[in-house]
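Enquirer: Below you'll find the structure I mean.
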Amino acid sequence: MVTTDPLHAEPRFFGPAGEVAPDVFMHPAFVNTYAVRTPAGLLVIDPGFAHTSAAVRDAVRAWSPAPLRAAIYTHGHVDHAFGLRAFLDAGEQPVIIAQEACLARFRRYRLMYGYNARINQRQFSLPAPVFVREFDPPTLLVRERLVHRLGDLDVVCTAARGETDDHLWVWLPARRQLFTGDLVIWQAPNCGNPQKVQRYPEEWADALEAMAGLEAEWLFPGHGLAIQGSQAVRLVLTETARYLRELVAQVRARMNAGEPADEIVHAVEPDPELASRPYLQPTYDHPKFIVRNLLRLWGGWWNGNAADLLPARLDAQAREVAALAGGVGAVVARGRARLGEGALELAAHLAEWATRAAPEDRAAQALKRDVYAARVAAERSLMARGIFRAAMNEARCALGEEPLAGEDPGLSFSEPGRR
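Its first residue numbered 20, the sequence shown is counted upward by one per residue in the working numbering.
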């Protein structure tokens, strides 16, 4: 789970737990949990999921019996900040460090439990809506920067915005070890998720460039392989920053030139050389989603189509389209033709019009099922596949067919004790 050559490494997100650097233990189970041996005891960075808490603690304790003195949440997402319970139940009393916006995040999670549970069901193709209900809140908050001493070891926590508004990255200057959280994830930056709150591509690049200036010898990411060697570390940080800066610059220039949102979404592309890197593949988020996120950040939610400002209901629009086409059968036939030609985007629009105009029409639902099955097969982004699979399964259920499960990425987002 360590590479010295990120340009030619194969990304991995699961592997054996063990010591990967001097005094650094890594537990890679989709998310990376780290335990760091310090003169005062252990520091845990990102304790992980609630449902893996006991396994993480057992692995850490097999490595070291030293008392747990501090834990850091690099941000408040459920795969990073919910796995501390097994340590706390065993009587450990660490200081829990997080950026101050983490508390607002946890409050929002309580208020929006049902919505977040349904997002996770759709995004990760889970059999039922699931989300966490129990929170172990931070006890020491960071606004901009905090130096926390463990014995004679300085642990420097710096606030950032990127995937979240409550991010921290962690720097151990005496050891030249850098813990980035999800500012590095061995995938294209998760900065445009279509179902989640605002993300911050430009501030993400700022944080990456600040970290690149440290000349770290070790980089420990939120997901994926640890990186050894100052040149390799700097390469990943600077190229990820450039990937984001290029998208930001294109969107800003086109918005300032007055281009409509639809044209911007279809025109902006990532730098092709950077997009070929093993650590910048669009296998989770998608660069087009980052473009849309920037449009939302700078331009609001309106898409530039005046009819969509105060629109008719989607089913009413669909019935008008079907009427113009000569009936739902004509829309379905056109969708089948487009599907056969491989024009999946247009076929999807036709399938949506047909099923919204006539939800009971079996031919329309069969078209929707088949179109989205094709879109799942053709798509690399897990987020897009999750939404396409949910649409496919809606049609399968309307037809009386069993929904199809998605690939199992090892994520359940379940309550403690449930896998």
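Heads up, the beta-carbon is just placed ideally off N, CA and C, and yes, glycines get one too.
Quick caveat, the model's predicted, so the values are computed rather than measured.
#1: Under a three-way DSSP split, which group does Q384 fall into?
#2: Answer yes or no: do G181 and E228 have a C-beta to C-beta separation smaller than 8 Å?
#3: Use the C-beta contact count for A403: other C-beta atoms within 10 angstroms, 16 or more gives buried, fewer gives exposed.
#4: Can you tell me where the beta strand (DSSP E) holding I116 begins and where it ends?
#5: Looking at the structure shown, is L202 part of a helix, part of a strand, or coil, going by DSSP?
#6: What does the alpha-carbon distance come out to for the pair V75 and G37?
#7: Measure the CB-CB distance between F239 and F198 and report whether it falls below 8 Å.
#8: Using the Cα positions of H242 and P86, report the straight-line distance between them to the nearest angstrom.
#9: Just to confirm, is the Cβ distance from A367 to V390 under 8 Å?
#10: Return the chain-ordered ranges of every beta strand (DSSP E) run that is complete within the segment 39 to 116 and spans a minimum of 3 residues.
#11: Can you say whether V149 is buried or exposed, counting buried as having 16 or more other CB atoms within 10 angstroms of its CB?
#12: Name the residue from S144, Y92 and I309 whose alpha carbon lies nearest to the alpha carbon of V395.
#13: Got a sec? Which residues, its chain only, sit under 8 Å from E421 by beta carbon, not counting five neighbours each side?
#14: Note down, in chain order, each residue of its chain lying with its Cβ closer than 7 Å to the Cβ of A28, except the 5 sequence neighbours on either side.
#15: Compare the beta carbon distance of A117 and L160 with 8 Å and say whether it is the shorter of the two.
#16: Within 10 Å of its beta-carbon, does G200 have 16 or more other beta-carbons around it, so buried, or fewer, so exposed?
#17: Could you tell me whether the segment 177 to 197 touches the segment 113 to 128, using the rule of 3 or more Cβ pairs below 8 Å?
#18: What's the call for G436, buried or exposed, on a 16-neighbour Cβ count within 10 Å?
#19: Using a Cβ-Cβ cutoff of less than 6 Å, which residues in the same chain neighbour T453 once the five nearest sequence positions on both sides are dropped?
#20: With H, G and I counted as helix, E and B as strand and the rest as coil, what does DSSP make of G133?
#21: Indicate whether A226 and L202 have their beta-carbon atoms separated by less than 8 Å.
#22: Please say whether A224 and R264 have beta carbons closer to each other than 8 Å?
#23: Judging by CA-CA distance, which residue of H96, G319 and Q247 is the nearest neighbour of A280?
#24: Beta-carbon separation of P306 and P330 under 8 Å?
#25: Tell me the rounded alpha-carbon separation between D24 and F101.
Expert: In short:
#1: helix
#2: no
#3: buried
#4: V114 to Q118
#5: coil
#6: 11 Å
#7: yes
#8: 26 Å
#9: yes
#10: 43 to 48, 50 to 57, 60 to 64 and 87 to 91
#11: buried
#12: S144
#13: R415
#14: T22, L244 and P297
#15: yes
#16: buried
#17: yes
#18: Low per-residue confidence applies at G436: pLDDT is 29, beneath 50, and the placement is therefore not dependable, though the value from the model is reported in the following sentence. Exposed, because fewer than 16 other Cβ atoms sit within 10 Å of the Cβ of G436.
#19: One cannot answer for residue 453 here, as it falls past the ends of the chain, which runs 20 to 438.
#20: helix
#21: yes
#22: yes
#23: G319
#24: no
#25: 32 Å
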